[in-house]
Amino acid sequence: MKNNDLNGATQMWPLSLVILASACLTIASGTAVAQKIGRPVEVVSLCFRDQGFEKIIKMVEEEASKGVDIISLPETWRGQHTPEKIDGETITALSRIAKQYKTYILSPIDRTDGKGRYNTAVLIDRQGKVVFGYDKIYPYWAEFDLSEGAVNPGSNGEMVYDTDFGRIGVSICFDSNFPEVWQALRDKGAEIVFWPSAYSAGSQLQAYAIMHHYYIVTSTYTKDCQVYDITGERILDAKSADVTVARTTVDLDRVIFHENFNMQKRDKLLKEHKDEIEQEAFLEREQWFVLRSKKPGISARELTKKYEMEELVDYQDRSRREIDKRRGRDLPKKQL
186 MKNNDLNGAT QMWPLSLVIL ASACLTIASG TAVAQKIGRP VEVVSLCFRD QGFEKIIKMV
246 EEEASKGVDI ISLPETWRGQ HTPEKIDGET ITALSRIAKQ YKTYILSPID RTDGKGRYNT
306 AVLIDRQGKV VFGYDKIYPY WAEFDLSEGA VNPGSNGEMV YDTDFGRIGV SICFDSNFPE
366 VWQALRDKGA EIVFWPSAYS AGSQLQAYAI MHHYYIVTST YTKDCQVYDI TGERILDAKS
426 ADVTVARTTV DLDRVIFHEN FNMQKRDKLL KEHKDEIEQE AFLEREQWFV LRSKKPGISA
486 RELTKKYEME ELVDYQDRSR REIDKRRGRD LPKKQL
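For the sequence shown, the numbering used here assigns the number 186 to the initial residue and increments by one for each residue that follows.
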């Protein structure tokens, strides 16, 4: 139907219906805008072990159909006795769902590429394309003794990927025992780290969240999902007897600062933008504070930059660099 045909048809509608339709569109549009405060990311983590392929695919599809930015699955959730290629059954099925419902899906698989075997977390984008893969850097000892062949340690430097909602990082299971992995994720600018695993880790992950100030989301065999905040606080701890489906929203625009060199700038910002930015938390003992947006269209991170405030990770990194210069050398630091 052409535009002039549409206009003609509209003219024949009762005026009351036209007004009602316009009002409904305005309300719907306003609601959508109101929900976009900060940079919210809808995350779903599925936690389970030894579940049927068709059952899990159906659950992933059900969650995707509800609207979500990213769905994360546990480490090698189909087991490690049937290695498959990147275009095998698992990723093919998940790619269809990602494309249909316009969501990212992170699925670890026992991957073979003809040259070796890897414990790989595969990221599928909203178009159903494989865009990123992270090979587990520190396989667990039992992975070297599998009858189908040993898993190779990952050696790629690809630990982060820029999605349309932010920069994600990935680490897998036994990687939790090696601090350099988590430092590298920080150095590469990860805003949220996904950790598919066979176990829960708990306080290990909390320590990394506290030290590096990114969100951490787990997907485990132990059927529990934990989410850690940029302050290190555990903001979600969900567990069920069968398959745990944990849905949460994290705001990647929230910003954490140290008191040092920031207090006067903070006070000025909050005074001049009191209707747009608020201090969400003040951690007295750590001397940290968290700012967030409270108005659609306003970025706390961008606004604090205009006031020349220095984020906590930048403050720590700058301090390390400048003090090392005065020392005349860098302290030893293991690199991946």
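Just so you know, even glycine gets a beta-carbon here, dropped at the ideal spot from N, CA and C.
Problem set entry | Any C-beta of chain C under 8 Å from that of isoleucine 377 | In summary, chain C is missing from the structure at hand, where a single protein chain is found.
For this session: Pull up the distance between the alpha-carbon of serine 549 and that of glycine 482, whole angstroms please.
Result: Residue 549 is absent from the structure shown; the chain starts at 186 and stops at 521.
For this session: Count the other CB atoms, across all protein chains shown, that sit within 10 Å of the CB of aspartate 527; report buried if there are 16 or more and exposed otherwise.
Result: In the structure displayed, the chain extends from 186 to 521; residue 527 sits before or after that span and is not available.
Exercise. What number of angstroms, rounded off, separates the C-alpha of serine 257 from the C-alpha of tyrosine 289?
Worked result: 9 Å
Exercise. What is the DSSP secondary structure of threonine 429, counted as helix, strand or coil?
Worked result: strand
For this session: Check whether the Cβ atoms of glycine 342 and leucine 454 lie closer than 8 Å to each other.
Result: no
For this session: Measure the alpha-carbon distance for isoleucine 322 versus glutamate 457 and round it to whole angstroms.
Result: 47 Å
Exercise. In this structure, does DSSP put asparagine 304 in helix, strand or coil?
Worked result: strand
Exercise. Can you tell me whether DSSP reads proline 364 as helix, strand or coil?
Worked result: helix
Exercise. Along the chain, where does the alpha helix (DSSP H) that runs through lysine 490 open and close?
Worked result: 485-491
For this session: Could you tell me the boundaries of the beta strand (DSSP E) in which glutamine 464 lies?
Result: 462-468
For this session: Determine the DSSP secondary structure at arginine 514, reduced to helix, strand or coil.
Result: coil
Exercise. In terms of residues, what are the limits of the beta strand (DSSP E) holding arginine 439?
Worked result: Run containing arginine 439: none; DSSP gives neither H nor E here.
For this session: Provide the residue(s) that pair with aspartate 422 in DSSP beta bridges, ordered along the chain.
Result: Gln411
Exercise. Along the chain, which unbroken stretches of the beta strand (DSSP E) at least 3 residues long are found entirely within the region 283-348?
Worked result: 289-297, 302-309, 315-320 and 345-347
For this session: Measure the C-alpha to C-alpha separation of aspartate 360 and serine 332 and round it to an integer number of angstroms.
Result: 23 Å
Exercise. Residues in its own chain within less than 6 Å of arginine 371 by CB, not counting five upstream and five downstream?
Worked result: His397
For this session: Reducing DSSP to helix, strand and coil, say where threonine 216 ends up.
Result: Bear in mind that a pLDDT of 41 at threonine 216, under 50, signals an unreliable position, so the number given afterwards is only what the model happens to contain. Here threonine 216 sits in helix by DSSP.
Exercise. Are the region 291-309 and the region 436-454 in contact at 8 Å, needing three or more beta carbon pairs?
Worked result: no
Exercise. What separation, rounded to the nearest whole angstrom, lies between the Cα atoms of valine 366 and valine 226?
Worked result: 24 Å
Exercise. Touching or not, the region 428-435 and the region 408-417, by the rule of three or more beta carbon pairs under 8 Å?
Worked result: yes
Exercise. In the DSSP assignment, what are the bridge partners of proline 225?
Worked result: Asp436
Exercise. Should the region 504-514 be called in touch with the region 488-496, which here means at least 3 C-beta pairs below 8 Å?
Worked result: no
For this session: For the beta strand (DSSP E) containing isoleucine 256, list its first residue and its last residue.
Result: 255-257
Exercise. Can you tell which of Val378, Glu469 and Asn362 has its C-alpha closest to the C-alpha of valine 355?
Worked result: Val378
Problem set entry | From Gln389, Glu260, Gln501 and Ala426, residue whose alpha carbon lies closest to that of tyrosine 319 | Glu260
Problem set entry | CA-to-CA distance, asparagine 447 to lysine 479, given in whole angstroms | 20 Å
Exercise. If we count the other Cβ atoms within 10 Å of its Cβ and call it buried at 16 or more, is threonine 277 buried or exposed?
Worked result: exposed
For this session: Report the rounded CA-to-CA distance for arginine 350 versus histidine 266, giving the unit in angstroms.
Result: According to the sequence as given, residue 350 is phenylalanine; it is not arginine. In a straight line, the C-alpha of phenylalanine 350 is about 35 Å away from that of histidine 266.
Problem set entry | Assigned exposure category for threonine 211 - 16 Cβ within 10 Å defines buried | Any reading at threonine 211 must be qualified, since the residue scores a pLDDT of 39, below 50, and its modelled position is unreliable; no value is offered.
For this session: Mind reading off the beta-carbon distance from lysine 314 to valine 345? Whole number of angstroms is fine, and I expect it under 8 Å.
Result: No, lysine 314 and valine 345 are not in contact; Cβ-Cβ is about 18 Å, not under 8 Å.
Exercise. Taking the alpha-carbon positions, what's the serine 340 to glutamine 236 distance?
Worked result: 30 Å
For this session: Tell me whether arginine 352 sits in a helix, a strand or coil according to DSSP, three-state version.
Result: strand
Exercise. Using a threshold of 7 Å, is the CB atom of isoleucine 353 nearer than that to any non-hydrogen atom of the ligand ATP?
Worked result: In the structure shown, the ligand ATP is absent, as is every other ligand, since no ligand is present at all.
Exercise. Candidates Arg514, Ala306 and Leu279: which alpha carbon is nearest serine 404's?
Worked result: Ala306
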